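For reference, the structure is listed below as structure tokens.
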Amino acid sequence: MLSLVRALWRGKLWIVLAVLIALGWGWYRANIAAVPLYTAQTVVAMETRDENVLDLAGVVTGLPGTLGTINTELGVLRSRGLVEKLVVALDLAADPDFAPRPLAVPEDGAATPGTAAEITAETGPETGTVTDALARDAAAGDTTARRRLDAVIDRVLSRLWVGVVPDSYLFQIAATTANAEKSALIANTHARLYIEDQIEVKYRATEQATAWLTDRLGTLQTELEEAESAVEAFATENRITRSEDLELMNQRVDDARDRLAELETRTATLTARRDALDAAAAARDWAAAMAVAGDPTLDRLIERGASDGDIAERLDIARARLDVSQARAAEQRATLEESIDVLRADYARQSDNLVAYQQLEREVMASRTIYEYFLGRLKELSAQQGNLRADSRIVSPAAVPASPSSPVKMRIYTVMLFIGLVVGAGIVLPWELLHTGLRTGPELEAATGRPVMGQIPLVPRSEKREVLSYFVDKPTSMAAEAVRNLRTSIVMSNVDQAPQVIMLTSSLPDEGKTTTAIALAQNFTGLGKRVLLIEGDIRHRVFRDYLDLKKTKGLLAVLSGQLELSQAVERNYLIDADVLVGERAAMNAADVFSSARFRNLIAEARRAYDVVIIDTPPVLLVPDARVVAKLADAVIYAVEWNATSKRDVTAGLRLMSDGGIRVTGLALTRINVRKLKRYGETIGYGSYSTHGKYSATYHEV
Numbered sequence: 000m001l002s003l004v005r006a007l008w009r010g011k012l013w014i015v016l017a018v019l020i021a022l023g024w025g026w027y028r029a030n031i032a033a034v035p036l037y038t039a040q041t042v043v044a045m046e047t048r049d050e051n052v053l054d055l056a057g058v059v060t061g062l063p064g065t066l067g068t069i070n071t072e073l074g075v076l077r078s079r080g081l082v083e084k085l086v087v088a089l090d091l092a093a094d095p096d097f098a099p100r101p102l103a104v105p106e107d108g109a110a111t112p113g114t115a116a117e118i119t120a121e122t123g124p125e126t127g128t129v130t131d132a133l134a135r136d137a138a139a140g141d142t143t144a145r146r147r148l149d150a151v152i153d154r155v156l157s158r159l160w161v162g163v164v165p166d167s168y169l170f171q172i173a174a175t176t177a178n179a180e181k182s183a184l185i186a187n188t189h190a191r192l193y194i195e196d197q198i199e200v201k202y203r204a205t206e207q208a209t210a211w212l213t214d215r216l217g218t219l220q221t222e223l224e225e226a227e228s229a230v231e232a233f234a235t236e237n238r239i240t241r242s243e244d245l246e247l248m249n250q251r252v253d254d255a256r257d258r259l260a261e262l263e264t265r266t267a268t269l270t271a272r273r274d275a276l277d278a279a280a281a282a283r284d285w286a287a288a289m290a291v292a293g294d295p296t297l298d299r300l301i302e303r304g305a306s307d308g309d310i311a312e313r314l315d316i317a318r319a320r321l322d323v324s325q326a327r328a329a330e331q332r333a334t335l336e337e338s339i340d341v342l343r344a345d346y347a348r349q350s351d352n353l354v355a356y357q358q359l360e361r362e363v364m365a366s367r368t369i370y371e372y373f374l375g376r377l378k379e380l381s382a383q384q385g386n387l388r389a390d391s392r393i394v395s396p397a398a399v400p401a402s403p404s405s406p407v408k409m410r411i412y413t414v415m416l417f418i419g420l421v422v423g424a425g426i427v428l429p430w431e432l433l434h435t436g437l438r439t440g441p442e443l444e445a446a447t448g449r450p451v452m453g454q455i456p457l458v459p460r461s462e463k464r465e466v467l468s469y470f471v472d473k474p475t476s477m478a479a480e481a482v483r484n485l486r487t488s489i490v491m492s493n494v495d496q497a498p499q500v501i502m503l504t505s506s507l508p509d510e511g512k513t514t515t516a517i518a519l520a521q522n523f524t525g526l527g528k529r530v531l532l533i534e535g536d537i538r539h540r541v542f543r544d545y546l547d548l549k550k551t552k553g554l555l556a557v558l559s560g561q562l563e564l565s566q567a568v569e570r571n572y573l574i575d576a577d578v579l580v581g582e583r584a585a586m587n588a589a590d591v592f593s594s595a596r597f598r599n600l601i602a603e604a605r606r607a608y609d610v611v612i613i614d615t616p617p618v619l620l621v622p623d624a625r626v627v628a629k630l631a632d633a634v635i636y637a638v639e640w641n642a643t644s645k646r647d648v649t650a651g652l653r654l655m656s657d658g659g660i661r662v663t664g665l666a667l668t669r670i671n672v673r674k675l676k677r678y679g680e681t682i683g684y685g686s687y688s689t690h691g692k693y694s695a696t697y698h699e700v
């Protein structure tokens with residue numbers, strides 16, 4: 000988030016420019032281009048209470064206060080049908096704000112009028128208003144008139160707003176036009192037409208219900224008369240028994256069934272006695288015969304011990320008596336069963352007649368009830384026709400607005416301010432995202448994970464040879480302080496033993512490492528150190544561009560044995576240090592620096608000098624720096640401010656790390672202090688930068 004804020008701050012000028020342009024355009028729209036519009040609002044309340052003066056149920060009941068009802072009424076208020084009534088009532092087809100534009104000439108070549116004046120001329124003044132004529136033609140099926148009327152309705156709908164007050168039954172009707180009085184008139188008329196429409200709907204429903212009830216009553220009366228005639232005819236043709244008489248008949252049937260059950264039981268008993276008597280006689284079991292026969296004479300004969308013949312004779316008499324009783328019981332049973340069948344048939348017939356009669360009476364009663372209900376409803380509706388009331392009322396008529404509702408200047412300015420900020424940020428952020436350069440020390444440290452030991456600003460000189468003169472002439476300048484800070488950081492990188500051999504390199508050419516190396520050498524000599532400056536970039540030799548050097552032999556001459564180190568170095572009094580220049584090599588430069596002679600040279604330099612500074616080629620181009628770095632005590636990696644990409648820096652450091660080389664620290668070079676301040680950053684070397692207003696052309700360090 001902090002990096003995003005910093006990115007926006009760096010592009011603040013673009014953002015301010017975008018905001019100013021947006022606000023200027025907003026001012027033009029609000030004060031010159033926009034037409035003032037006036038909004039008038041009417042408030043209508045939906046009545047959810049039934050106020051029935053006559054306490055009679057109406058055809059159309061009151062509106063329930065449900066969400067569905069509220070949404071339905073909103074739909075009615077926004078309906079094209081109601082708006083069409085508004086258009087006709089106010090003759091809006093003749094209003095220039097709503098009048099349809101002229102239509103295209105049809106294929107038959109006959110021009111069709113489209114303006115209000117043309118429609119009036121076509122219809123004539125005696126036909127009413129322009130809108131009346133247009134509505135009549137549309138109702139008659141004229142498609143052209145229908146399209147014109149629909150166009151007017153669409154325009155009115157675009158100027159009309161209908162909403163509901165939250166948590167209430169209040170509807171807001173707002174009209175917006177270029178005329179304040181017209182807006183109030185449209186809003187109030189629309190509300191009035193809505194209320195009249197509710198009454199009209201109820202009136203039409205009541206009329207339709209009355210007509211239907213009148214027609215239905217005639218049919219019901221005929222049905223009632225037919226039902227009553229059917230009851231009378233049935234009663235005449237059939238003997239109708241009362242329910243009480245049917246109950247008595249049913250009781251008689253039940254009594255007969257009880258007697259029949261008793262006869263059946265008696266018959267079964269007689270049969271059992273006859274069978275038992277026969278069995279006892281056959282077995283000459285006189286005791287059993289006595290128990291079954293129930294004949295006192297037989298009992299006495301058996302008790303006196305009469306002969307078997309006398310006993311058998313008496314048994315025959317007993318059996319004959321039982322046979323007579325059985326025959327009599329069978330005859331009684333048959334007679335009783337016949338009587339029961341007759342009673343049941345008569346009961347069923349009388350019961351069916353009674354059920355049919357009662358059904359006819361119920362039909363008469365139902366027909367009479369329905370007839371009386373419909374007759375009562377017809378009388379109720381007739382009484383209500385003059386007492387129909389709307390379900391809504393106007394609680395706050397629209398007043399003529401005193402000031403325009405549009406344009407809302409503050410809203411326009413706010414929106415344009417937001418748009419300007421978004422557009423400005425949209426310009427700045429992609430630029431920042433596409434920009435790959437590193438601008439601050441913390442940013443460089445975060446990208447590489449290594450410490451930034453120095454931040455070197457641009458030197459206000461146009462020639463390279465003037466750069467060192469600047470450091471000598473202005474020892475308290477920001478650039479000089481930055482080099483001193485780098486020197487101090489290098490010395491303190493190893494507290495126990497300060498680095499003696501210091502190597503400088505970079506990812507790519509022209510990143511300021513050479514100037515930094517020379518300035519660093521000049522700074523060390525200020526401490527009274529014996530300093531040797533070696534030009535290790537023998538492919539791209541630039542020391543002569545900075546220093547006035549006479550000798551042509553240098554590094555390679557020492558390595559080849561042609562000269563001793565003391566003979567090859569040249570004293571430069573501007574930096575007060577010895578310089579060993581590079582020479583063009585016939586062999587590969589990496590092989591030169593990998594040789595034992597070069598190692599011996601560095602060892603000899605350690606003995607002869609307090610500080611040895613080696614300027615080496617870029618890491619990403621040649622391997623020379625990685626070879627030399629193994630002999631150095633400190634490796635300083637130069638990164639050009641706002642130019643070298645993070646990818647190149649990390650790639651170069653990765654090559655160094657893969658070679659087992661530890662980079663001591665980074666130096667951010669060629670910092671444009673003025674641009675850095677615009678980005679909201681500073682390199683933090685005292686207050687010297689606040690005293691100089693540099694006007695000369697900068698030379699990149």
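Under numbering that gives the first Met the number 0, the first residue of the sequence shown carries the number 0, and numbering increases by one thereafter.
Where is the CB? At the ideal position from N, CA and C, for every residue including glycine.
This one's a predicted model, so the numbers in the text were calculated from it and none came from an experiment.
Is it right to say residue i is buried, meaning 16 or more other beta carbons lie within 10 angstroms of its own, or is it exposed?
i	result
N522	buried
G123	Residue placement at G123 is flagged as unreliable, the pLDDT there being 42, under the threshold of 50; the coordinate-derived value follows with that caveat. So G123 ends up on the exposed side.
P429	exposed
Y27	exposed
A267	exposed
I14	buried
Q40	buried
S228	exposed
Y572	exposed
M364	exposed
R154	buried
S505	buried
Y545	buried
M586	exposed
A116	Legend: pLDDT at A116 = 42, less than 50; position of this residue unreliable, value from coordinates given subsequently. Exposed, by the Cβ-count rule.
W211	exposed
R708	Past the edges of the chain, shown from 0 to 700, lies residue 708, and the structure says nothing about it.
K512	buried
If residue i sits next to residue j, beta carbons under 8 Å apart, how far is it from one beta carbon to the other, in whole angstroms?
i	j	result
R540	L519	At roughly 19 Å, the Cβ-Cβ gap does not stay under 8 Å, so R540 and L519 are not in contact.
I455	A29	That pair is no contact at about 52 Å.
Y608	V672	About 33 Å; that fails the 8 Å criterion.
V578	F542	6 Å
D702	A589	Shown here, the chain extends from 0 to 700; a query on residue 702 therefore has no answer.
A33	M415	Rounded, the Cβ-Cβ distance is 13 Å, inconsistent with contact.
A204	V151	At roughly 29 Å, the Cβ-Cβ gap does not stay under 8 Å, so A204 and V151 are not in contact.
R332	L262	5 Å
E46	R392	6 Å
L300	I310	5 Å
D647	L443	Not confirmed; about 12 Å, so no contact.
M452	A628	Not confirmed; about 16 Å, so no contact.
L169	V163	7 Å
I369	L219	6 Å
Name the one or two DSSP bridge partners that residue i has.
i	result
S505	A637
E534	D614
Y37	T176
A44	L169 and R392
V500	V611
So residue i is in the beta strand (DSSP E); what residue range does that whole segment cover?
i	result
E236	Note, E236: premise wrong, no beta strand (DSSP E); alpha helix (DSSP H) at A179 to E236.
T130	That residue, T130, is in no beta strand (DSSP E); its alpha helix (DSSP H) goes V129 to A138.
A666	G664 to I670
Could you tell me whether the Cβ of residue i comes closer than 8 Å to any Cβ of chain B?
i	result
L546	Protein chains in the displayed structure number just one, and chain B is not present.
What residue does the alpha helix (DSSP H) around residue i start on, and which one ends it?
i	result
R392	Counting along the chain, R392 falls outside any alpha helix (DSSP H), though it belongs to the beta strand (DSSP E) covering S391 to S395.
V163	Segment L159 to V163 is the beta strand (DSSP E) holding V163; no alpha helix (DSSP H) there.
K84	R79 to L89
N70	L66 to L76
I14	K11 to Y27
G527	That residue, G527, is in no alpha helix (DSSP H); it is neither H nor E in DSSP.
T649	K645 to D657
task: Please list the segments of the beta strand (DSSP E) lying wholly inside the stretch 426 to 487, counting only runs of 3 or more residues, in order along the chain.
output: 451 to 456
Runs of beta strand (DSSP E) wholly within the stretch 551 to 628 (minimum 3 residues, chain order): 569 to 571, 576 to 579 and 610 to 614
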